[in-house]
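S.K.:
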Amino acid sequence: MLKNILSLIIAATVVVSGTSNLTPATSDTNPSDIVLANANLVSGEFNAAFEFTPAESKNGLQLAVTASGLDMETAYSYHIHAKLVPADGNCTETGGHLDPFKIKETAGTAYKCDKDNAQTTCELGDLAGMFGSMTADADGKFTLNAPESILTFGGDNNILGYSVVIHRPDSTRLACANIDSFTAAPVNPVKKC
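Its first residue numbered 1, the sequence shown is counted upward by one per residue in the UniProt record's numbering.
#1: Are the Cβ atoms of Asn157 and Gly60 separated by less than 8 Å?
#2: Can you list, in chain order, the residues of its chain with a C-beta nearer than 6 Å to that of Ile150? Leave out the 5 residues immediately preceding and following it.
#3: Can you tell me whether Leu6 is buried or exposed, with buried defined as 16 or more other CB within 10 angstroms of its CB?
#4: Give me the residue from Cys91, Thr94, Glu123, Asp116 with the minimum Cα distance to Ile103.
#5: Does Met1 pass the burial test, meaning 16 or more other C-beta atoms within 10 Å, or should it be called exposed?
#6: From which residue to which residue does the beta strand (DSSP E) around Ile103 run?
#7: For a test of the three-state rule: what should DSSP assign to Leu160, helix, strand or coil?
#8: Going by beta-carbon coordinates alone, are Leu144 and Ala64 separated by less than 8 Å?
#9: Which residues in the same chain have their Cβ closer than 7 Å to the Cβ of Ser133, if we skip the five residues on either side of it in sequence?
#10: If we call anything under 8 Å between Cβ atoms a contact, is Glu93 one with Asp99?
Shown next, in the form of structure tokens:
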């Protein structure tokens, strides 16, 4: 039963207010026009929102993550996975970490992501390796604001069309959601259903 509850995921939902409109990106959308990609994960009392936007420096994407309902002093890893979450929400179907350059395959057991040399030492999807584990504060919350990364909305380091997965310390998959893209000014993602 608990396994079924953990696999129930609500994918990205966005609040639209006033005159703001978010339009899902299509295959005709130019990656440079995409200004927001969200992945919202909800599993029981656990909530997380990932927001990818173009970095002000024009180098890749910035990443903002908020999470709540985490166990204190527990390090959760989080990654972009190579397959989308299926309609039934089964996180195990998202495949392995996104690694288009076969960094981990080449390194084998010697794999170690070096955030200062992420392009050559990290799986593209190894967010925990690049930004550190998701570790809760005393209130069970986690926040990350990374001003830039090697991730992009197109080209070799593209993250669109993939999913985000959060793992428990024993590597089981806690929650997952697809990275959905939009072509308008970003707004705050919905936290509750």
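For each residue, glycine too, the CB sits at the ideal point set by N, CA and C.
M.R.: On the basis of the coordinates in this document:
#1: In the sequence shown, residue 157 corresponds to position 157, counting from 1. In the sequence shown, residue 60 corresponds to position 60, counting from 1. Closer than 8 Å, so yes.
#2: One-based indexing of the sequence shown puts residue 150 at position 150. Taken in chain order, the residues that qualify are Gly60, Ala118, Gln119, Asn157.
#3: Translated into positions along the sequence shown, residue 6 becomes position 6. Residue placement at Leu6 is poorly supported in this model, since its pLDDT is 23, which falls under 50; the coordinates still yield a value, given next. Looking at its Cβ environment, which holds 16 or more other Cβ atoms inside 10 Å, Leu6 is buried.
#4: Counting from 1 along the sequence shown, the entry for residue 103 is found at position 103. Among Cys91, Thr94, Glu123, Asp116, the Cα nearest to that of Ile103 is on Glu123.
#5: As a position in the sequence shown, residue 1 is number 1, starting the count at 1. Because Met1 carries a pLDDT of 26, less than 50, the predicted location of this residue cannot be relied on, and no value is offered for it.
#6: Counting from one through the sequence shown, the residue named residue 103 turns up at place 103. Note, Ile103: premise wrong, no beta strand (DSSP E); alpha helix (DSSP H) at 103 to 107.
#7: What you label residue 160 is simply residue 160 of the sequence shown in a count that begins at 1. Here Leu160 sits in coil by DSSP.
#8: As a working note, residue 144 is residue 144 in the sequence shown. As a working note, residue 64 is residue 64 in the sequence shown. Against a cut-off of 8 Å, the Cβ pair of Ala64 and Leu144 comes out as a contact.
#9: Your numbering for residue 133 matches position 133 in the sequence shown. The answer, listed in chain order, is Ala75, Tyr76, Ser77.
#10: Numbered from its first residue, the sequence shown carries residue 93 at position 93. Numbered from its first residue, the sequence shown carries residue 99 at position 99. Result no, Cβ atoms of Glu93 and Asp99 do not sit closer than 8 Å.
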